[in-house]
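Notes for the one structure printed next.
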Amino acid sequence: MKKEAQELWQPMTHPGTVQDDPPIAITSAKGVFITDANNQTVLDAVGGLWNVNLGYSCQSIKDAIAQQLQELPYYSSFRGVTTDKTLKLSQNLTNWFGEEQMGRAFFTSGGSDSVETALRLARQYHKIRGDKDRYKFIGLKKGYHGTHFGGASINGNVKFRRNYEPYLPGCFHVSCPWTYRNPFNEEKSDRLAQLCAQQLEDEVISQSPDTVAAVIMEPVLGAGGVIVPDSSFMPLVREICDNHGILLIADEVITAFGRTGAWTGSRLWNVQPDLMCLAKALTNGYFPLGATMISEKLVDTFEANTDGAGEINHGYTYSGHPVGAAAALAVLEELKTNDLPTNSSLRGKELAQGLAKLKDAHRWIGDARGIGLMHALELVSDRSAKTALDKNSMALVGQEIYNNGVMVRISGNNMILSPPLIITDQHVKNILDAIDAGLSALTKQHD
Ligand code: PMP
Numbered sequence: 018m019k020k021e022a023q024e025l026w027q028p029m030t031h032p033g034t035v036q037d038d039p040p041i042a043i044t045s046a047k048g049v050f051i052t053d054a055n056n057q058t059v060l061d062a063v064g065g066l067w068n069v070n071l072g073y074s075c076q077s078i079k080d081a082i083a084q085q086l087q088e089l090p091y092y093s094s095f096r097g098v099t100t101d102k103t104l105k106l107s108q109n110l111t112n113w114f115g116e117e118q119m120g121r122a123f124f125t126s127g128g129s130d131s132v133e134t135a136l137r138l139a140r141q142y143h144k145i146r147g148d149k150d151r152y153k154f155i156g157l158k159k160g161y162h163g164t165h166f167g168g169a170s171i172n173g174n175v176k177f178r179r180n181y182e183p184y185l186p187g188c189f190h191v192s193c194p195w196t197y198r199n200p201f202n203e204e205k206s207d208r209l210a211q212l213c214a215q216q217l218e219d220e221v222i223s224q225s226p227d228t229v230a231a232v233i234m235e236p237v238l239g240a241g242g243v244i245v246p247d248s249s250f251m252p253l254v255r256e257i258c259d260n261h262g263i264l265l266i267a268d269e270v271i272t273a274f275g276r277t278g279a280w281t282g283s284r285l286w287n288v289q290p291d292l293m294c295l296a297k298a299l300t301n302g303y304f305p306l307g308a309t310m311i312s313e314k315l316v317d318t319f320e321a322n323t324d325g326a327g328e329i330n331h332g333y334t335y336s337g338h339p340v341g342a343a344a345a346l347a348v349l350e351e352l353k354t355n356d357l358p359t360n361s362s363l364r365g366k367e368l369a370q371g372l373a374k375l376k377d378a379h380r381w382i383g384d385a386r387g388i389g390l391m392h393a394l395e396l397v398s399d400r401s402a403k404t405a406l407d408k409n410s411m412a413l414v415g416q417e418i419y420n421n422g423v424m425v426r427i428s429g430n431n432m433i434l435s436p437p438l439i440i441t442d443q444h445v446k447n448i449l450d451a452i453d454a455g456l457s458a459l460t461k462q463h464d
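So the sequence shown is numbered by our numbering: it starts at 18 and just counts up by one.
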């Protein structure tokens, strides 16, 4: 008999597995819960894909989208025209990110587009200034910057690179401050931050600083397994960039809008980046929209340019889509009355405490880490050797957790938790209980 989903190829999935093992189809959602085609309702501890920060029932965003569809479902933002909502959103976003001194917004259709835009603008900035050799990019190993060739070239995770090589020339990677696994065998996070920063500066110098356009980093690494740097790390990266005339791109696709317990990851670490990549929670996941924010430092170089080098010959059909812009404007209004960072921080602490207890109780947890409402459990079959737990066991744990009423994200040997930022303490308990049950099921299978 023909199975469902045979015609579907999914992102980040082997298309062969889908033929025998069709995905769960989600059919509806309410609050922080999702319901599947079998009528099972579970708590969404993935938050869509780190993006549904306000949950699934935010009526003001839905209304704004519906109204915009009636008024103006689309218009382009290419030269000479734009839409009223696009304009308003650019103003509101520069205000929203005033603390980061962001002066301009360039709209995109999502995170990968925002990264691509930031990389291009970084190169262009140096070209306008006559620094024409600065074309190289440096990123962190385990960093994730989307799937376009630019972003994927600077991604530092072999998993996302291996099947698509070769990549853009001029992209280099240095160690990230991951205390659980690093080439320095260093567990102390402040010391590790120094070592990684030293490696970065060494790379810059060995590349010749006048060839490096930008360093890109996530303030907290997300898809690479929720790696939380020491608070000294991003400021050290900023300092190295400043010392060598290099731009700093903060990829805030996950970390902007409260997920870490601060409004942005850059703010969390007290850093002002030169470019910021946004997407995901910008529309609460209800419409595909992204933005690259450009700091005041870069604005004049582009705007005062007279020889054409400042012209932005880059953009997307859906740059500044009015429906997306309307959704984002409604999100920003919601955020004025919804103190997401505080809830993220409080619930995040409860979650972290609970996960630490689970680590004591289950030998499968090699490392439990996170900040705000982004956490990961790194599962291992042997704690002392840190052997990654195999794929089948990971799948079994994920399925058992689902059977116990919670959706988590299994990625390699990481279980990633990124629930909506509106969860309550009871929801945190539900998540912890379900994980407990999932890991107990694995123990039962082995004993
Ligand atoms: N950058 C980061 C830090 C991300 O986490 C992601 C998506 N998870 C992207 C870029 C790419 O975003 P998108 O999938 O919307 O293209």
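Glycine residues also receive a C-beta, built at the ideal position from the N, C-alpha and C atoms.
In this text the structure is predicted, and so the values were computed from the model without any measurement.
Looking at C-alpha atoms only, which residue of the options is the closest neighbour of residue i?
{"i": "PRO39", "options": "ASP53, ILE382, GLN289, ALA46", "result": "ASP53"}
{"i": "TYR92", "options": "PRO252, ARG198, THR103", "result": "THR103"}
{"i": "VAL63", "options": "TYR73, ASN56, GLU350", "result": "TYR73"}
{"i": "ASN301", "options": "THR34, GLY65, ILE41, GLN23", "result": "GLY65"}
{"i": "GLY115", "options": "ILE222, LEU390, SER312, LEU375", "result": "SER312"}
{"i": "ASP324", "options": "MET391, ALA139, ARG146", "result": "ARG146"}
{"i": "GLY262", "options": "TYR142, PHE50, THR125", "result": "TYR142"}
{"i": "PHE189", "options": "GLN76, GLU320, TYR181, ALA169", "result": "ALA169"}
{"i": "GLU269", "options": "ARG276, VAL288, LEU295", "result": "LEU295"}
{"i": "ASN260", "options": "VAL229, ILE329, LEU238, MET119", "result": "VAL229"}
{"i": "LEU292", "options": "GLY33, ARG400, ALA122, TYR152", "result": "ALA122"}
{"i": "VAL467", "options": "GLY173, PHE201, GLU204, GLY33", "result": "As displayed, the chain neither begins before 18 nor continues past 464, which places residue 467 out of reach and without an answer."}
{"i": "ARG426", "options": "VAL132, ILE222, ILE41, THR318", "result": "ILE41"}
{"i": "THR99", "options": "GLY156, THR111, MET119, PHE124", "result": "PHE124"}
{"i": "ALA240", "options": "ASP61, GLY341, THR164", "result": "THR164"}
{"i": "LEU352", "options": "PHE274, PRO90, MET29", "result": "PHE274"}
{"i": "GLN224", "options": "ARG151, PRO290, LYS205", "result": "ARG151"}
{"i": "GLU328", "options": "MET29, LYS144, ASN56", "result": "LYS144"}
{"i": "ALA451", "options": "VAL423, ILE51, LYS205, PRO290", "result": "VAL423"}
{"i": "MET310", "options": "LYS79, ASP130, SER45", "result": "ASP130"}
{"i": "ASN355", "options": "ILE439, ILE43, ARG276", "result": "ILE439"}
Starting from residue i, follow the beta strand (DSSP E) in both directions and report where the run begins and ends.
{"i": "PHE154", "result": "153–157"}
{"i": "ASN431", "result": "431–434"}
{"i": "ILE51", "result": "50–53"}
{"i": "ALA15", "result": "In the structure as shown, the chain starts at 18 and stops at 464, and residue 15 therefore has no counterpart that could be examined."}
{"i": "LYS47", "result": "43–47"}
{"i": "LEU264", "result": "264–268"}
{"i": "ILE452", "result": "No beta strand (DSSP E) holds ILE452; the alpha helix (DSSP H) holding it covers 442–463."}
{"i": "ILE427", "result": "426–428"}
{"i": "HIS190", "result": "188–191"}
{"i": "VAL59", "result": "58–61"}
Return the first residue and the last residue of the alpha helix (DSSP H) that residue i is part of.
{"i": "GLU395", "result": "Counting along the chain, GLU395 falls outside any alpha helix (DSSP H), though it belongs to the beta strand (DSSP E) covering 391–399."}
{"i": "ASP384", "result": "That residue, ASP384, is in no alpha helix (DSSP H); its beta strand (DSSP E) goes 382–388."}
{"i": "MET293", "result": "First-last for MET293: 292–295, but that is the beta strand (DSSP E), not the alpha helix (DSSP H)."}
{"i": "PHE166", "result": "166–171"}
{"i": "THR281", "result": "It is not in any alpha helix (DSSP H) - THR281 carries neither H nor E in the DSSP assignment."}
{"i": "GLY415", "result": "408–420"}
{"i": "ILE329", "result": "No alpha helix (DSSP H) holds ILE329; DSSP gives it neither H nor E."}
For residue i versus residue j, is the C-beta spacing smaller than 7 Å?
{"i": "PRO437", "j": "VAL69", "result": "yes"}
{"i": "TRP381", "j": "LEU434", "result": "no"}
{"i": "ASP210", "j": "PHE177", "result": "One point to set straight first is that residue 210 is Ala, not Asp, in the sequence displayed. Cβ atoms of ALA210 and PHE177: not closer than 7 Å."}
{"i": "GLN85", "j": "ALA343", "result": "yes"}
{"i": "ILE257", "j": "LEU285", "result": "no"}
{"i": "LEU138", "j": "PHE166", "result": "no"}
{"i": "LEU253", "j": "ILE244", "result": "no"}
{"i": "ASN431", "j": "ALA458", "result": "no"}
{"i": "HIS347", "j": "SER77", "result": "Checking the displayed sequence, the identity of residue 347 turns out to be Ala instead of His. Yes, Cβ-Cβ distance for ALA347 and SER77 is below 7 Å."}
{"i": "ARG364", "j": "VAL445", "result": "yes"}
{"i": "GLY371", "j": "LEU315", "result": "no"}
{"i": "TYR333", "j": "SER192", "result": "no"}
{"i": "SER336", "j": "GLU117", "result": "no"}
{"i": "ALA454", "j": "ASN409", "result": "no"}
{"i": "ALA267", "j": "PRO236", "result": "yes"}
{"i": "LYS475", "j": "GLY187", "result": "Lying outside 18 to 464, the shown extent of the chain, residue 475 is not represented and no answer is given."}
Leaving out the 5 sequence neighbours to the left and right, which residues in its chain are closer than 7 Å to residue i when beta-carbon positions are compared?
{"i": "ASP384", "result": "TYR197, GLU395"}
{"i": "SER248", "result": "TRP286"}
{"i": "ILE362", "result": "The residue asked about is misnamed: residue 362 is Ser in this sequence, not Ile. Within the same chain, SER362 has close Cβ partners GLY278, GLY389."}
{"i": "ARG255", "result": "LEU265, VAL288"}
{"i": "LYS297", "result": "TRP67, ASN68, GLY128, VAL270, ILE271"}
{"i": "LYS47", "result": "TYR73, SER74"}
{"i": "TYR181", "result": "ALA169"}
Would you check whether the ligand FMN has a heavy atom nearer than 6 Å to the C-beta of residue i?
{"i": "ASP291", "result": "Because the ligand FMN does not appear in the structure shown, any question about it cannot be addressed here, the ligands present being the ligand PMP."}
Spatial neighbours of residue i within its chain, please: CB distance less than 8 Å, with the 5 preceding and 5 following residues excluded, ordered by chain position.
{"i": "VAL35", "result": "ALA22, GLN23, LEU25, TRP26, GLN27"}
To which residues of the same chain is residue i closer than 6 Å at the C-beta, ignoring the five residues directly before and after it?
{"i": "LEU299", "result": "LEU306, ALA345"}
{"i": "THR281", "result": "GLU269, ALA273"}
{"i": "ALA214", "result": "LEU253"}
Around the ligand PMP, Cβ to any heavy atom closer than 6 Å, ordered along the chain: Near the ligand PMP, meaning a beta-carbon closer than 6 Å to one of its heavy atoms, we find GLY127, GLY128, SER129, VAL132, TYR161, HIS162, GLY163, GLU235, GLY239, ALA240, ASP268, VAL270, ILE271, ALA296.
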